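First up is the structure itself, then whatever we jot down about it.
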Amino acid sequence: MDGNSFRAEHADGLDATTRALTERRDAVLGGSYRLFYRRPVHLVHGRGQYLWDADGRRYLDVYNNVASLGHCHPAVVEAVHRQMQELNTHTRYLHRRILDYTDDLLATMPPELGPGRARAMYMCTGSEANDLALRVARAVTGGEGFIATTEAYHGTSELTSGVSPALGSGQPIAPTARLVPAPDAYRTGAADVGAWFADRVRAAIADMESSGTRFAGLVADSIFSSDGVLPGPAGYLAEAVDVVHRAGGVFIADEVQPGFARTGEEFWGFARHGVVPDVVTLGKPMGNGVPVSGLVAREEVLAAFSDRVPYFNTFGGNPVSMAAAQAVLTTIRAEGLQEHSLVVGSLLLAELRVLAQRHECVGDVRGAGLFTGLELVRDRGTREPDGPLALEVLEELRERGVLTSVAGPHGNVLKLRPPLAFAREDVGTLVTALDDSLTALGR
Ligand code: PMP
């Protein structure tokens, strides 16, 4: 699923402690787990955009969007601590927190998904949010088949893994699903990537229906993170969403990655495209590290499911989770993090474009807010992807105290997606580390 994934047999030349921890992990944890880095990082402390390992070494975190405000943000720590001391139960009792938070959350949505017109539900993981979204979509359309992109990741459950080709060939795609290539303006060279993508979606619907499967919807992460970070020109998704609606399907916007101010221009990734999803799913950054996720849908969309099927998620929407989520929304506003993401993200993009002039192997640089993709190629003319180089760059960056990872079908796109605490000063640190890493690799 992530090119920067290793199992312990790769871990040669480790110091005694790292080796012991790696071996112990291998002995007791399920074999599906993977580690980042050939020399795994043992983190013990975090603050803002920084992480520290067991030897006291500091790293600039350019990867983690879960602690989106910054690691151990005091507002979240304090809110969770206070609520935990008071009460933690579940959604079968009355509690004000979940209601106050929902009012606040819906106020961030476009009017069609706003207060009075939409409703929210809560879970603990992005997978659960998407799983429910797929069930809701089936209930409201009477259809069964979903369209996802060829390197998408939407979750771990049976339903969501069936539309998650990023899990690799060992994970079968649902027979009712169809995959479409992601709208990659760099690789397709399409003049109008929106029209290009809409055509693929139209063809996939036709193919699905010709085999007797009724179309239920399109599920997409509007920044196409695992497809290689493809923000594209704002607005380009609108045509595909229109195709979906005309065919009687619903559009599920998976905001687990682009949501909560990440893309800078708008609070939600889908909003960059001026589209109104039928269902929005939320996760990762929602609780700044506390497992909380959610789903927002128009009332009539949700009703088709909720009138028939009860839903209770033991931990979902509990007062402590809601306290964390509330602290996140409040802090994004109080610290002006959406604007910050836009300003610092633009600065980073500009600096990376200067860097690209010095290194031929940088084929493309793209981003929205603090979500940036840097694509490495063997040759700028042929655009042949260079996945092995990307992995070497990750290792070099790690040695220079910068943590990140890779994305895309060829694993050749550096995914630069730091906590929003990432500051102007960090741009220089990151770009210098990249410059030095590419130079050290002779590229
Ligand atoms: N959707 C997207 C776009 C994701 O990136 C992820 C997690 N990587 C998920 C859904 C699943 O979220 P979780 O791991 O919290 O279940």
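The opening position of the sequence shown corresponds to residue 22 in the numbering used here, with each subsequent residue numbered one higher. Glycine included, every Cβ here is placed at the ideal spot set by N, Cα and C. Quick caveat, the model's predicted, so the values are computed rather than measured.
Candidates LEU180, TRP289, THR351 and ARG404, of which the one nearest LEU363 by Cα: On the sequence shown, residue 363 is found 342 positions in, with the first residue counted as 1. With respect to the C-alpha of LEU363, the residue from LEU180, TRP289, THR351 and ARG404 having the closest C-alpha is TRP289.
Beta carbon proximity, GLY390 to chain B, threshold 8 Å: The structure shown contains no chain B; it is built from a single protein chain.
Spatial neighbours of GLU149 in its chain, beta-carbon cut-off 8 Å, leaving aside the 5 residues before and after: As a working mapping, residue 149 is identified with position 128 in the sequence shown. Excluding positions up to five away in sequence, the list reads GLY176, SER178, SER314, ASN334 and GLY337.
Near the ligand PMP: VAL277 beta-carbon under 7 Å from a heavy atom: In the sequence shown, counting from the first residue as 1, residue 277 sits at position 256. For VAL277, the CB falls within less than 7 Å of some heavy atom of the ligand PMP.
N-terminal and C-terminal residue of the alpha helix (DSSP H) that HIS116 is part of: Here the question's residue 116 lines up with position 95 in the sequence shown. In this chain, HIS116 is not harboured by any alpha helix (DSSP H), its DSSP state being neither H nor E.
Opposing strand residues paired with ARG199 [DSSP bridges]: Along the sequence shown, read from residue 1 onward, the residue named residue 199 stands at position 178. Answer is ILE168.
beta-carbon ASN309 near the ligand PMP non-hydrogen atom, thresh 7 Å: Locating residue 309 in the sequence shown gives position 288, where the first residue counts as 1. It does not: the Cβ of ASN309 is nowhere closer than 7 Å to a heavy atom of the ligand PMP.
Whole-angstrom distance between GLY304 and GLY147, CA atom to CA atom: For this step, residue 147 is matched to residue 126 along the sequence shown. For this step, residue 304 is matched to residue 283 along the sequence shown. The straight-line gap separating the alpha-carbon atoms of GLY147 and GLY304 is approximately 5 Å.
Residue environment, LEU455, which counts as buried when at least 16 other CB atoms sit within 10 Å: Taking the first residue of the sequence shown as 1, we reach residue 455 at position 434. It is buried - the Cβ of LEU455 has at least 16 other Cβ atoms within 10 Å.
Among SER342, HIS294 and GLY163, nearest to GLY495 - alpha-carbon criterion: There is no way to answer for residue 495, as the model of the chain reaches only from 22 to 464.
Check: SER426 C-beta below 7 Å from any heavy atom of the ligand PMP: Residue numbering aside, residue 426 sits at position 405 when the sequence shown is read from its first letter. Outside the cutoff, so no.
Any non-hydrogen atom of the ligand PMP within 7 Å of TYR58 CB: One-based indexing of the sequence shown puts residue 58 at position 37. Every heavy atom of the ligand PMP is 7 Å or more from the Cβ of TYR58, so no.
Same chain, Cβ closer than 6 Å to TYR80, neighbours up to 5 away in sequence not counted: Position 59 of the sequence shown holds residue 80. The answer, listed in chain order, is LEU72, GLY422 and LEU424.
Through-space distance from SER232 to LEU441, alpha-carbon basis: Position 420 of the sequence shown holds residue 441. Position 211 of the sequence shown holds residue 232. Put simply, the backbone Cα of LEU441 is about 45 Å away from that of SER232.
Extent of the continuous alpha helix (DSSP H) run through ALA292: Start at 1 with the first residue of the sequence shown, and residue 292 comes out as number 271. That residue, ALA292, is in no alpha helix (DSSP H); it is neither H nor E in DSSP.
C-beta contact flag for ARG293 and SER243 at 8 Å: Position 272 of the sequence shown holds residue 293. Position 222 of the sequence shown holds residue 243. Contact flag set, yes.
Check: GLY147 C-beta below 7 Å from any heavy atom of the ligand PMP: Position 126 of the sequence shown, counting from 1, holds the residue named residue 147. Relative to the ligand PMP, the beta carbon of GLY147 is positioned inside 7 Å of a heavy atom.
Same chain only: Cβ atoms within 8 Å of HIS31, ignoring 5 sequence neighbours per side: In the sequence shown, counting from the first residue as 1, residue 31 sits at position 10. Low per-residue confidence applies at HIS31: pLDDT is 48, beneath 50, and the placement is therefore not dependable, though the value from the model is reported in the following sentence. For HIS31, where only same-chain residues beyond five positions count, the Cβ hits under 8 Å are ARG59.
TYR174 CB to nearest heavy atom of the ligand PMP below 7 Å: Sequence index remark: in the sequence shown, residue 174 carries index 153 (1-based). Answer for TYR174: yes, Cβ within range of the ligand PMP.
Residues of its chain near PRO430, where Cβ-Cβ distance is below 6 Å and the 5 sequence neighbours each way are ignored: Here residue 430 is taken as the residue at index 409 of the sequence shown, counted from 1. Setting aside the 5 residues that flank it on each side, PRO430 is surrounded in the same chain by GLU172, each with a C-beta closer than 6 Å to its C-beta; the list follows chain order.
Candidates PRO254, LEU358 and ARG78: closest to ALA212 by CA position: What you label residue 212 is simply residue 191 of the sequence shown in a count that begins at 1. Scanning PRO254, LEU358 and ARG78 for the CA closest to the CA of ALA212 turns up PRO254.
Span separating the alpha-carbon of ALA37 from that of THR43: Here residue 37 corresponds to residue number 16 of the sequence shown, with the count starting at 1. Here residue 43 corresponds to residue number 22 of the sequence shown, with the count starting at 1. Those two C-alpha atoms are separated by around 10 Å.
For HIS175, three-class secondary structure by DSSP: Sequence index remark: in the sequence shown, residue 175 carries index 154 (1-based). Of the three classes helix, strand and coil, the one that applies to HIS175 here is coil, per DSSP.
Cβ contact check for the segment 346-365 and the segment 178-190: 3 or more pairs under 8 Å: In short, these stretches do not touch, since the Cβ pair count stays below three.
CA nearest to the CA of LEU35, picked from LEU50, PHE57 and PRO61: Taking the first residue of the sequence shown as position 1, residue 35 is located at position 14. It is PRO61.
Residues bridged to PRO406 (per DSSP): Translated into positions along the sequence shown, residue 406 becomes position 385. Looking at the DSSP assignment, PRO406 forms a beta bridge with VAL398.
CB of ALA444 within 8 Å of CB of VAL365, strictly: What you label residue 444 is simply residue 423 of the sequence shown in a count that begins at 1. What you label residue 365 is simply residue 344 of the sequence shown in a count that begins at 1. It is a contact, given that the beta carbons lie within the stated cut-off.
Near the ligand PMP: LYS305 beta-carbon under 7 Å from a heavy atom: Here residue 305 refers to the residue found at position 284 when the sequence shown is read from its first residue. True, at least one ligand heavy atom lies under 7 Å from that Cβ.
Helix, strand or coil at ALA428 according to DSSP, with G and I counted as helix: Here the question's residue 428 lines up with position 407 in the sequence shown. DSSP places ALA428 in strand when its eight states are reduced to three.
Top-ranked residue by Cα proximity to CYS93, from LEU370, LEU368 and GLY308: As a position in the sequence shown, residue 93 is number 72, starting the count at 1. Between CYS93 and the set LEU370, LEU368 and GLY308, the nearest pair of CA atoms involves GLY308.
Start-end ranges of the beta strand (DSSP E) lying completely within the segment 89-150, minimum 3 residues: Counting whole runs of 3 or more residues, the segment 89-150 contains the beta strand (DSSP E) stretches 139-144.
Ranges of the beta strand (DSSP E) found wholly within the segment 298-345, counting only runs of at least 3: Counting whole runs of 3 or more residues, the segment 298-345 contains the beta strand (DSSP E) stretches 300-303 and 314-319.
Nearest-angstrom Cα separation, counted from ARG319 out to VAL157: Within the sequence shown, the letter at position 136 stands for residue 157. Within the sequence shown, the letter at position 298 stands for residue 319. Straight-line Cα distance between these residues: approximately 11 Å.
beta-carbon SER246 near the ligand PMP non-hydrogen atom, thresh 7 Å: Stepping through the sequence shown from its first residue, residue 246 is reached at position 225. Yes, the ligand PMP has a heavy atom inside 7 Å of this Cβ.
Cβ neighbour criterion (16 or more within 10 Å) applied to ARG283: Within the sequence shown, numbered from 1, the residue matching residue 283 stands at position 262. ARG283 is classed as buried because its beta carbon has at least 16 other beta carbons within 10 Å across all chains shown.
Chain-order list of residues whose beta-carbon lies under 6 Å from that of ILE353 (same chain, five-residue window excluded): Taking the sequence shown and counting its residues from 1, the one referred to as residue 353 is at position 332. Cβ neighbours of ILE353 beyond the five flanking positions: ALA282.
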